[in-house]
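Step one of this worksheet: look at the structure below.
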Amino acid sequence: MSKQKSEMTTSVFPFGPQHPVLPEPIQLKFVVQEEEIIDVLPQIGYIHRGIEKAIELNDYRRNIYICERICGICNFQHGMAYSETIEKLTDTNVPMRAKYLRTLWAELTRMQSHLLWLGLFSEGVGFESLFMTIWKIRERVLELTERTGGHRIHLSTNAIGGVSKDMDEKLINHYYSELKTLRKEMDTLKPVFYKDKAFRAKQEGKGILPKKDAVHLAAVGPTIRGSGIPQDMRNNFYEAYGMLDFRPITYDSEDVLGRTLVRFDEVFQSIDLMEAALKQMPEGPIQEKNTMFPEGVAMVRVEQPRGECFYYGVGNGTIHLERMRIRTPTLPNIPALLHMLIGYEVSDIPAIVHSIDPCISCTERITYVDKEES
Amino acid sequence: MPKMLGKILSNLFSKPSTIQYPFENPGLVEGTRGELFFDMNICDQCQDCERLCPSGAITVNVDEKKIEWDPFKCIYCHLCVNSCMHKAITALDNVKSPDYKLRKKVFER
Amino acid sequence: MMDFEQIRTNTLTGTELEQHVTNENLFLYVNQMKIEGARFITITALDMDDKHQLVYHFELDGKINNLHLTIEKGQPVHSITGLYGAAFIAENEVQDLFGQKFIAMNIDLGGKMLKIGPDVGTDLHKSVSGPMPPIMRKLGKCREECPAMVDIPKYIREVGAGDPTAAYNTIIDRAPLPAILGRVCFAPCQEGCRQEQETKPIQIRLLKRSAADGFKELNGSFKRDIVCKQATGKKVAVVGGGPAGVGAAYYLGTLGHSVTVYEKANTLGGAMAWGIPKYRLPKDVMNEELMARLEEVGAEVKLGVEVDDLDELMKDYDAGFLGIGAEKCNSLRCEGEDSEGVINFIDLLTAVNVRNETPDIGNNVIVIGGGNSAMDAARTAKRLGAEEVTVFYRRTEGEMPASIHEIRGAMEEGINFDFLSTQMTIIPGKPLKIFFQSMIPGEPDESGRRRPVPMEGRGVTVEADTIVSAIGYNVLVPAGLGVEVDRRGRIEASETLKTSKENVWAGGDAVYGTSNVISSLRDGRIAASEIDKYLGGEGLSDATPDMTEFVSRPVDIEELSELPQAKIPEMDPDERVTSFIEIEQCLAKDKAICEANRCWRCDWNE
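Sequences listed follow chains F, A and C, in order. In case it helps, my numbering puts the first sequence at residues 1 to 374. In case it helps, my numbering puts the second sequence at residues 375 to 483. In case it helps, my numbering puts the third sequence at residues 484 to 1089.
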């Protein structure tokens, strides 16, 4: 017996804050009509920590450590963006060697983040041993991070006016050999991502984000690069990117597969950039101290693994900052996500939600703190 | 079936491919930031480490010449190690082991 | 509140466009952005007490354009989600977290941000608690040891930057005699320096001298052009031209009062004039600096005038300060101390330092005492031609109150020392004979030093041409002043240095017995502040850490620790004893800058 169209029922179910597929809590209420998604209602705000308020209460030197802990995976770029903002507010010049070192660590943590995402995505679509293999490669990257920076995740090597740790000859040679090994290991994964039919079937044609909509909705990062638009903050040549040969990677397919391949290719691009930077790194000091309190207004944009991160800092000539506004890349990707989900089936939800690389802990930092308690 | 059998036998008699943690220690990588040790014979209570610490893990008691360090608040950034002018703070080469109570460590002469 | 007009435009992405809009034409500007194809980034909200400032950020061709909108709290703003659909997330944030209402929003998440209200009712939420790391600025151990709280770290930085004028002014703010202090101060700051632990404290006294001498080299004299406060019409009398008196006169002059200094000797300086020998403090330098301070504030000086009746004097003045010093020598308390050939150190030093005489004290001189005055007397005796000079002290070497610098200088010049000996009897004659009883250290007394106890049966009789007694001196207050004295003869003064007379303050040696130059200058400053408050002014400010000053620590700690300490440039011991020429010279300019940059900047504020 066939049902009349008017008898098809819609139901609402929550893809709630706790879910085995979701890495971080966000609630999406799906309005479904028999396996087809009609509408999505987002609800965010589950991990407030009051970071922007804490930045105003502390002095500007301790804030580097607070900013690093906004996100665990893209922590180095947060610290770097904050240091750059304060360097602009205090008119400090960064020595060249410090710029190269920052670029090295930024690309290293970008590799770590993309490998983490590739593993989680593979598990989300059902390929668990691929997840384990990719994370084994990530272990090698983490050990390299620990050897050069001091810790596996939170490097804490940023300082205002440069970096606080240097690399000697032995370490650089070790770095070269590790990069070669990494490249060889990543080459073994190429057939899976480029050619495997079962893997691609989950991604091709799903979650389409047309070019015009992507621009209108102001998406950032690999989300928009997977739709063919070459938007990448590294094109603005901050830090040492001006000295390295860099071109954004884009794919024209506008679907989940495009975004996956953008991230996969960026891993290889990171290895190339790191090798070039190591060859060109000059000698010199690694930190130059600032000579005044932060004053004025400064804006910095940095390319994090997930997109463009915007820092807007206001200083008033004392040891405390007046205001620091941080807009992380996942926030503008959420409207794009809502647009992408409509019209697809419930079983496509994990793949599409993963494809914007949701890092929700970055997204919520502001708090409404009661005046008596703060 | 025969192919599987060979694989099963070789898996049965080979070593585990993981490191058996409590009995074997994989060792630390060189350059890891480890636990702190305060040498109170050199310290002269200038409170520089207390003012620099981002998380407020160090409390200096100037009158009684004691330092209280909270290893659970510490973020192991080693700012204090690098900025102590008398080099009274050194980093040991082990990371802080877990504990079942939040306790602070007191260093005195 | 900072002025958003002065905006720094140096982002790496090129210059920005800043545009101030009002609530009415916000829509027009955003529409123009959309037509030009700009991309929306985010909205920032700043809380400015009674207003909100919203900043809309757009990106156009790689440049960032900002629209600033200032709006009263409570007034709603039209949403821009009609033009830029993706702005609903940013507007929802600002709406929920700053309480700013937006009308006509596309998607209203409607309060989905987690609000942390006054009572949450659950332990899962942790508020900001626990000790926050302190934001404070320390004064620095050197400054805390200085009796006058001179801003030592600041003037060390100024000397290190090659600016002796600024350093000179910084020192005078709290201690008006830098050239004198740079030669004679006992420098408690150097003992407080944290680098003493590595046995390399900063040579602060020498840096003070190079600031003063550098200033004189640039300007020709110690006199500066200063602006005093408006004249108040009040008159203050200062009795005594020593450090306490000149200090009080200088500070009162800067506060606008008219000051007259009465000094009973024929030269200013007090204990600095008669007590400190010429090889430590040349008298022309001393006079020059004292007169420079007094001329800068227009104070009147009356030399050779002794004040007998204070009440008579105070009829013409509104307030007074007594800095009369101490000049009664302590007696030896042994038999035969009135014999010929036994002199006290005040007479000897006054004769040599003030009247420029060269008395004949023979070849064999004995000095009894262990303080700085005993060292001065012994080294003066050596320079007057005595071949054998011996100092006898009743306790051990480590317990001598003289500064180590002086003891070392005396030993280098060939002066002998004899410890744990107390004078018992003096037998008159030519030569004099004096019997010393040997002592051993016994129980500690109230100052912590061990009281010497006679060792029975041990003693020594020594011959001498002259015996100089230098065991201390005390205050002698003339009765005509009419102020109350305590049981030791010193002027009784409260904590704010006020005496028993209503409008008279006192300070220096007269109140504390034996004091030193820097403590007397501190007394002068305190008294000047109190007198100003009494006469209707505001007084002088105290030493508190200034949080608006930016001081950063040096970067390379390793390199800094390897620099050696600068040596004091002084004459050879063999050359020294032939004359009264000044022993120490000033540090060379580059060495002074190097030494000043060795400072660890314990008062950092970065």
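Heads up, the beta-carbon is just placed ideally off N, CA and C, and yes, glycines get one too.
I want to verify the contact list: residues of chain A whose CB lies under 7 Å from the CB of residue i, in sequence order.
| i | result |
| --- | --- |
| Trp1083/C | Met459 |
| Ile1040/C | Met459 |
Please confirm if residue i has its CB atom under 9 Å from at least one CB of chain F.
| i | result |
| --- | --- |
| Gly643/C | no |
| Cys448/A | no |
| Glu404/A | yes |
| Cys454/A | no |
| Asn1088/C | yes |
| Phe585/C | no |
| Met894/C | no |
Closer than 6 Å by C-beta to residue i: which residues in its own chain qualify, once you throw out the five before and the five after it? Chain order, please.
| i | result |
| --- | --- |
| Ala54/F | Ile66 |
| Glu123/F | Phe131 |
Spatial neighbours of residue i within its chain, please: CB distance less than 7 Å, with the 5 preceding and 5 following residues excluded, ordered by chain position.
| i | result |
| --- | --- |
| Thr605/C | At Thr605/C, the pLDDT of 48 sits below 50, so the modelled position is not reliable; the number obtained from the coordinates is stated separately. Result list for Thr605/C: empty, nothing under 7 Å. |
| His19/F | none |
| Ser164/F | Thr157 and Gln287 |
| Glu870/C | Asn846 |
| Glu303/F | Asp232, Met233 and Arg234 |
| His452/A | Arg407 and Ala465 |
Name the chain A residues whose beta carbon is nearer than 9 Å to that of residue i?
| i | result |
| --- | --- |
| Pro617/C | Gln421, Glu424, Arg425 and Gly430 |
| Arg677/C | Asp418, Cys420, Met459 and His460 |
| Gln680/C | Ile416, Asp418 and His460 |
Tell me, please, whether the CB atom of residue i is closer than 9 Å to any CB atom in chain A?
| i | result |
| --- | --- |
| Lys621/C | yes |
| Arg626/C | no |
| Ser930/C | no |
| Ser122/F | no |
| Tyr176/F | no |
| Ser1044/C | yes |
| Tyr65/F | yes |
| Leu57/F | no |
Name, in chain order, the residues that DSSP records as bridge partners for residue i.
| i | result |
| --- | --- |
| Ala802/C | Val719/C |
| Ser704/C | Ser704/C pairs with nothing; no bridge assigned. |
| Lys534/C | Met531/C and Glu555/C |
| Trp443/A | Ile432/A and Lys479/A |
| Phe30/F | Phe13/F and Val40/F |
| Ser83/F | Per DSSP, none; premise fails for Ser83/F. |
| Gly315/F | Gly296/F and Leu321/F |
| Lys53/F | Its beta-bridge partners do not exist; DSSP assigns none. |
| Gln906/C | Phe919/C |
| Lys766/C | Bridge partners of Lys766/C: none, in fact. |
| Phe310/F | Arg301/F and Arg327/F |
| Val945/C | Ile917/C |
| Lys546/C | Leu543/C |
By the criterion of Cβ-Cβ separation under 9 Å, what are the contact partners of residue i in chain C?
| i | result |
| --- | --- |
| Met292/F | Phe1033 |
Using the beta-carbon of each residue, which ones in chain A are nearer than 8 Å to residue i?
| i | result |
| --- | --- |
| Arg49/F | The premise fails here: Arg49/F is roughly 14 Å from chain A at the closest Cβ pair, so nothing lies under 8 Å. |
| Arg147/F | Val403, Glu404 and Gly405 |
Could you list which residues in chain C have their beta carbon closer than 8 Å to that of residue i, in chain order?
| i | result |
| --- | --- |
| Phe310/F | Ile524, Thr525 and His540 |
| Leu331/F | Thr525, Ile572 and Ala573 |
Do residue i and the ligand GDP come close, with the Cβ less than 8 Å from some heavy atom?
| i | result |
| --- | --- |
| Leu831/C | In terms of ligand content, the structure shown is empty, and the ligand GDP therefore cannot be addressed. |
For residue i, go through chain F and note every residue whose CB falls closer than 7 Å to its CB, in chain order.
| i | result |
| --- | --- |
| Ile547/C | Met299 |
| Arg407/A | Gly150 and His151 |
By Cβ distance, which residues of its chain are closer than 8 Å to residue i, with the 5 residues on each side in sequence left out?
| i | result |
| --- | --- |
| Arg522/C | Phe541, Glu542 and Leu543 |
Could you list which residues in chain F have their beta carbon closer than 9 Å to that of residue i, in chain order?
| i | result |
| --- | --- |
| Leu529/C | Val314, Glu322, Arg323 and Arg325 |
| Arg483/A | Per Cβ cutoff of 9 Å: no residues; Arg483/A is ~30 Å from chain F at best. |
Could you check whether the Cβ of residue i sits closer than 9 Å to any Cβ belonging to chain C?
| i | result |
| --- | --- |
| Asn75/F | no |
| Ser245/F | In the sequence on display, residue 245/F carries Asp and not Ser. No, its Cβ sits nowhere closer than 9 Å to a Cβ of chain C. |
| Ser361/F | no |
Kindly list, in the order they appear in chain C, the residues whose Cβ is closer than 7 Å to that of residue i.
| i | result |
| --- | --- |
| His216/F | Gly568 |
Just to confirm the assignment: which complete alpha helix (DSSP H) runs, minimum length 4, are found wholly within the segment 982-1063 of chain C?
992-995, 1000-1017, 1040-1044 and 1056-1059
With a floor of 4 residues, list each alpha helix (DSSP H) that falls wholly inside the segment 844-892 of chain C, ordered by position along the chain.
855-866
Which runs of the alpha helix (DSSP H) at least 4 residues long sit entirely within the segment 607-686 of chain C? Give them in chain order.
624-628, 635-643, 647-655, 661-667 and 671-675
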